[in-house]
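Protein sequence lines correspond, in order, to chains A and B.
The numbering used here puts the first residue of the first sequence at 1, with every later residue one more than the last.
The numbering used here puts the first residue of the second sequence at 356, with every later residue one more than the last.
Glycine included, C-beta positions come from ideal geometry on N, C-alpha and C.
Here the structure comes first, spelled out in structure tokens, and everything after it is commentary.
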Amino acid sequence: MTFNGRGKPRDGQSPTRRIGLWGPSGSGKTAFLAALNIAIRQHADAQWLIAGMNDDATRFLIEGTEQLETDHVFPDATKETQRLSVLLIQDAPQDGGVFRKRSPGRWEFHLDLIDPPGEMLNARPSVPDGGSANADKDPFETDGTYGSDPLDEEPLAEDQDPDELINSLAACDGLIFLFDPITERSEGNAYSNFQGTLLRITEQVARSRERRMAGGKLPQYVAVCVTKLDNPRIFRTARAGGLLTYDYGEHNFPWVPDKWATEFFDLLCGTPQLRRAAGVRGGIRASFRAERVKYFATTSVGFHLAPRSLRFNESDYLNVSTGPSGRAMIRGDVHPINVFEPVRWLCQQIMTERG
Amino acid sequence: MPADDEGSCPVCGAAEETRGDCAVCGWPLTTDWLPGTGDPGEFRRRFAAATRRFDAVPAARAFGDRSTTFIRGGVPDDAEWSAAERAALPRAPTSEETVRGRLTDALRDLETCPPTLVEVDADGVTASVVTLDRLGTPSVVRSAAASWATLLPELSRDPAELRFQLAGGLTVRDWTPLRRVPADLGLRPSGQVVLACALPGWPVPERATAIVKEALACSEPLRPAGISVTALLAGLVADLPLVRAYHLIGAVVDPPTGKVRLEPVEIFAPGTRPGHRADLAVRRPPGARDGTVLAAVVGSQGHWAPVEMRKAALVPGVNQVSAVLDTPGRVRFVAPGLLPEPRSLPEPRSLPELLALVPDELTAAADVDLVCGVELCGAPDVVARRRAFVAELLRVLADERDDGLRVAVLGYLDHRFFDRTPEKAGVVYGTELGPVARAAARLHELPSPRPFYPERAPVEDMLSLAGRYFRRGGRIGGRALLTVGGRVPHPVRIGQDPIMRCPRGHDWRSLLKRLRTDLDVGCFAVTDQPPRRSSGVVWQRLGSAGLYELATADPRQVAVDMGVLPREDDSLPFPLITPKGAS
Numbered sequence: 001m002t003f004n005g006r007g008k009p010r011d012g013q014s015p016t017r018r019i020g021l022w023g024p025s026g027s028g029k030t031a032f033l034a035a036l037n038i039a040i041r042q043h044a045d046a047q048w049l050i051a052g053m054n055d056d057a058t059r060f061l062i063e064g065t066e067q068l069e070t071d072h073v074f075p076d077a078t079k080e081t082q083r084l085s086v087l088l089i090q091d092a093p094q095d096g097g098v099f100r101k102r103s104p105g106r107w108e109f110h111l112d113l114i115d116p117p118g119e120m121l122n123a124r125p126s127v128p129d130g131g132s133a134n135a136d137k138d139p140f141e142t143d144g145t146y147g148s149d150p151l152d153e154e155p156l157a158e159d160q161d162p163d164e165l166i167n168s169l170a171a172c173d174g175l176i177f178l179f180d181p182i183t184e185r186s187e188g189n190a191y192s193n194f195q196g197t198l199l200r201i202t203e204q205v206a207r208s209r210e211r212r213m214a215g216g217k218l219p220q221y222v223a224v225c226v227t228k229l230d231n232p233r234i235f236r237t238a239r240a241g242g243l244l245t246y247d248y249g250e251h252n253f254p255w256v257p258d259k260w261a262t263e264f265f266d267l268l269c270g271t272p273q274l275r276r277a278a279g280v281r282g283g284i285r286a287s288f289r290a291e292r293v294k295y296f297a298t299t300s301v302g303f304h305l306a307p308r309s310l311r312f313n314e315s316d317y318l319n320v321s322t323g324p325s326g327r328a329m330i331r332g333d334v335h336p337i338n339v340f341e342p343v344r345w346l347c348q349q350i351m352t353e354r355g
Numbered sequence: 356m357p358a359d360d361e362g363s364c365p366v367c368g369a370a371e372e373t374r375g376d377c378a379v380c381g382w383p384l385t386t387d388w389l390p391g392t393g394d395p396g397e398f399r400r401r402f403a404a405a406t407r408r409f410d411a412v413p414a415a416r417a418f419g420d421r422s423t424t425f426i427r428g429g430v431p432d433d434a435e436w437s438a439a440e441r442a443a444l445p446r447a448p449t450s451e452e453t454v455r456g457r458l459t460d461a462l463r464d465l466e467t468c469p470p471t472l473v474e475v476d477a478d479g480v481t482a483s484v485v486t487l488d489r490l491g492t493p494s495v496v497r498s499a500a501a502s503w504a505t506l507l508p509e510l511s512r513d514p515a516e517l518r519f520q521l522a523g524g525l526t527v528r529d530w531t532p533l534r535r536v537p538a539d540l541g542l543r544p545s546g547q548v549v550l551a552c553a554l555p556g557w558p559v560p561e562r563a564t565a566i567v568k569e570a571l572a573c574s575e576p577l578r579p580a581g582i583s584v585t586a587l588l589a590g591l592v593a594d595l596p597l598v599r600a601y602h603l604i605g606a607v608v609d610p611p612t613g614k615v616r617l618e619p620v621e622i623f624a625p626g627t628r629p630g631h632r633a634d635l636a637v638r639r640p641p642g643a644r645d646g647t648v649l650a651a652v653v654g655s656q657g658h659w660a661p662v663e664m665r666k667a668a669l670v671p672g673v674n675q676v677s678a679v680l681d682t683p684g685r686v687r688f689v690a691p692g693l694l695p696e697p698r699s700l701p702e703p704r705s706l707p708e709l710l711a712l713v714p715d716e717l718t719a720a721a722d723v724d725l726v727c728g729v730e731l732c733g734a735p736d737v738v739a740r741r742r743a744f745v746a747e748l749l750r751v752l753a754d755e756r757d758d759g760l761r762v763a764v765l766g767y768l769d770h771r772f773f774d775r776t777p778e779k780a781g782v783v784y785g786t787e788l789g790p791v792a793r794a795a796a797r798l799h800e801l802p803s804p805r806p807f808y809p810e811r812a813p814v815e816d817m818l819s820l821a822g823r824y825f826r827r828g829g830r831i832g833g834r835a836l837l838t839v840g841g842r843v844p845h846p847v848r849i850g851q852d853p854i855m856r857c858p859r860g861h862d863w864r865s866l867l868k869r870l871r872t873d874l875d876v877g878c879f880a881v882t883d884q885p886p887r888r889s890s891g892v893v894w895q896r897l898g899s900a901g902l903y904e905l906a907t908a909d910p911r912q913v914a915v916d917m918g919v920l921p922r923e924d925d926s927l928p929f930p931l932i933t934p935k936g937a938s
């Protein structure tokens, strides 16, 4: 999924700012995007707005939000390329804000979104006949891979052009890379996905006249998001590492502060089950400038908050489990953690750099 | 009948011993010479009249019919016949009441002085002894008998003619053979002898009676008319009170150990008279598919002798069995509506064979509390198979045992995590420990909704409630828990996998441990299919005493393994009874 400049700016200004959302199959890209709307709405900084710029985007925001909040299910992964246009708007803050003021009183930030299936970016062959990887899975057995989107395994639509999507990623000013330790633990595909895509992006940037390598590194800002913090394995790892604080939002949800996020990622990469993920870490450090990389521990749906409860309860935090149909379901309200923050950080960095 | 022998009275046949008239019938045997011409016709008329009058009396005794051909001289006229009938009547026959009294007196001391009855009747002389067998059962045994043909060879072999002769139709010329009767019959003048002449007034039997009386020096003979004293004696003997007590063999099982001991229950005490009915509450032993043996015995432990043994198909639980003492030595088991044949059949095996079948201890506990936990959610066909298994188990239990068995059925639904509906009513439904029939009915009523949380089932809630029921039941004997399902319990805490914890905070591990160690519950489980991976460990613990697969599990075998039903080779053939002193 990429944020790009395909949508037309409203007032003719076209300072295209592109952000690509990148991750292997089952890493939760679709849920991340749907949760972004909720995250912005819930975020204490009420100066942000999000809106669809085309029918696909608007429908996705409406339906994705409704699926998460009302139906308590995860949005279906895309079966074909969705061309989504999202507009981010920030009222000008009193202290000057993070973006350059383009009109008195507020900043507008245009984003065109493309959400290609993860398989597109995956170097491995696609699943034939459109079959779900989970179709034969016994719902009574668990391997801890809840929340994976079976339809992420769908093959590309015939009209999708892998080169075009790589070009879109290469043209981005910022990238959000979703690293899903749970899927990585079972599938081990993050490194191959990352490595293949990175080489293609590097190739495109090297050819580009608009983009220049900076200090031998790729020029993009990268927000590395370790997803599914709400999963018990991830949550317990963070807690065991002493990397949690319990003060996110009004309900005091646990989260990994930015200052410990890199350490958290290193901690995960050091576990035997995620040995191949160390290649991802090495690739990031080798390809991007350190000051342009930031780590986040995210969860799109957040932790469970019992009805009529105001505070997080660590003994009953599980918000996602297997529903009656055998697919992952959300128990209660959605409280995204560190979903908006990576986007905001990228926007800040990009706008600060480009002025 | 004219006497053909020379020297005998032509009318009565008596030996001619004197001149003049016959001493028996008065016929003039010799007369003085009379002048004049004889009148043969007149003689024939007088002779015919004499023989007719003489023969009419035995004919009246023997047949009550004047037309019999045994009467010589023609058919008696009315006057002659009436006179004959009057003469045929016995003088002062003994009343039946008197006979009964004499016999009853003679039966007073059977064990030390059993009586001998000597009866003279139309067949001859018989001697009957009243004896007590080793069971203390009295009976009338014919000890000796002699027919008239043996006793008096001169009597006719023709039954009718013999009867006519016994009635006096012939005067026996030689009574000597009769004097050998006591010796021939082995009768000695000792002990208690009751002498009876069943044909009072009949000359031949009376003569025989007199000879025996004289030989044995017994008291005055009984002379009942138309009564068989032997038959009367048999009736009186059959109506005698019991000499020794009769017991029903029952079994008592010690609840904690399962040890079996046989304990006879007195059903008829000494002195009990025939016709008495004893009612007894027994319980069908576990198993008993082939019936239960009701054995009335006499004797003491280890030396029982059967009086009556019948195989009965007792119903589960308590049975009211009734036994009627028909006669000493004959007991009839009755229980209206319960034991008509073919449900109650004679037991073909001997008592020693049956006693040899009694196990030292029962693998099936006498008192058992069984909780059946059934997972109600799931694919309809799978749930139907689970329910069918439990239903069949309960049917087998209801059929083969009920006593001492209490069953609870606990069906558990799913915890509801996604619809925000508080579980106010809980997720476990069923009955408290109680009769099998009630549990079976409740099972039928339980719902079977679709699964709501396919990862786990609230087994832990069921375990919690089962523990509460077991404790509340307060049973000392066996306890068994049978879990029938496919999914394993919720964890008490969230672990590494995204599996919902039990919202009620139940810890299946500690609950199971308490059931097994604190309450001594045997834990059995039937799984939908062979457990996989980590769930296998859980099922191994839930079925620590026995783990089965639903497709192949045999309800009866599971019941046997649980100790609810006995093995085939340790079934009790006798009913269970409440031991003495137990409430």
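Taking only three categories from DSSP, how would you classify A378(B)?
coil
Tell me the start and end of each unbroken beta strand (DSSP E) in the segment 534-622 of chain B that is at least 3 residues and wholly inside, in chain order.
547-552 and 601-608
Select from F312(A), P219(A) and T183(A) the residue whose C-alpha is nearest the C-alpha of L198(A).
P219(A)
If you follow the beta strand (DSSP E) that S186(A) is in, where does it begin and where does it stop?
S186(A) -> not in any beta strand (DSSP E); alpha helix (DSSP H) instead, spanning P181 to E187.
Neighbour-count burial assignment, W388(B), 16 or more Cβ in a 10 Å radius:
exposed
Would you check if the segment 807-819 of chain B and the segment 829-841 of chain B touch, i.e. whether three or more CB-CB distances between them fall below 8 Å?
yes
At the level of alpha carbons, what is the spacing between Y767(B) and C727(B)?
11 Å
Please list the residues of the segment 196-228 of chain A that have a C-beta atom closer than 8 Å to any C-beta atom in chain B, keeping them in chain order.
none
Reference R856(B), options G174(A), Y317(A) and L346(A), closest by Cα
Y317(A)
If you measure between the beta carbons of A461(B) and V567(B), is that distance less than 7 Å?
no
Proximity winner among T882(B), G581(B) and V536(B), relative to E904(B) (alpha-carbon distances):
T882(B)
By Cβ distance, which residues of its chain are closer than 6 Å to L597(B), with the 5 residues on each side in sequence left out?
F623, P625, T627 and P683
For K217(A): DSSP bridge partner residues:
A214(A)
G368(B) versus T467(B) - alpha carbon distance
48 Å
Mind checking which residues open and close the alpha helix (DSSP H) that includes S819(B)?
V814 to G828
Quick check for students: name the residue ranges of the alpha helix (DSSP H) that lie wholly in the segment 19-46 of chain A, counting only runs of 4 or more.
29-42
Express the C-alpha separation of P232(A) and W255(A) in angstroms, rounding to a whole number.
13 Å
Take R446(B) and list the residues in its own chain whose beta-carbon comes closer than 7 Å to its own, dropping the five residues that flank it on each side.
G556
8 Å CB neighbourhood of A753(B) in its chain, flanking five on each side removed
P671, V791, A792 and A795
In this structure, how does DSSP classify D149(A) when only helix, strand and coil are distinguished?
Low confidence applies here, because D149(A) scores a pLDDT of 35, under 50, leaving its location unreliable and the question unanswered by this model.
Contact set between I849(B) and chain A, taken where Cβ atoms lie within less than 8 Å
P232, S315, D316, Y317 and L318
If we require 3 or more residues per run, which beta strand (DSSP E) segments fall completely within the segment 423-467 of chain B?
none
Using a Cβ-Cβ cut-off of 7 Å, state whether P809(B) counts as contacting chain A.
yes
Look at the alpha carbon of L542(B) and the alpha carbon of E569(B), and state the distance between them as a whole number of angstroms.
12 Å
D715(B) to P921(B), Cα distance in whole Å?
13 Å
Which bits of chain B does H72(A) rub up against, with CB to CB less than 7 Å?
F773
Collapsed DSSP secondary structure at A191(A) in the structure displayed
Going by the sequence as given, residue 191(A) is Tyr instead of Ala. Note: Y191(A) maps to helix in three-state DSSP.
Quick one: which residues of the segment 854-870 of chain B get their C-beta closer than 8 Å to a C-beta of chain A? List them in chain order.
I854, M855, R856 and P858
Inter-residue Cα distance where the pair is H658(B) and L866(B):
52 Å
Neighbour flag for R185(A) against chain B, beta carbons, 7 Å:
no
Mapping the DSSP letters down to three states, classify L752(B) as helix, strand or coil.
helix
Give a yes or no on whether the C-beta atoms belonging to E702(B) and R644(B) are separated by under 7 Å.
no
Identify whether S655(B) lies in helix, strand or coil by the three-state DSSP scheme.
strand
Classify T406(B) as helix, strand or coil using the three-state DSSP reduction.
helix
K228(A) (DSSP reduced to helix, strand or coil):
coil
Where do the ends of the alpha helix (DSSP H) carrying I356(A) lie?
Since the first residue of chain A shown is 1 and the last is 355, residue 356(A) is not available in this structure.
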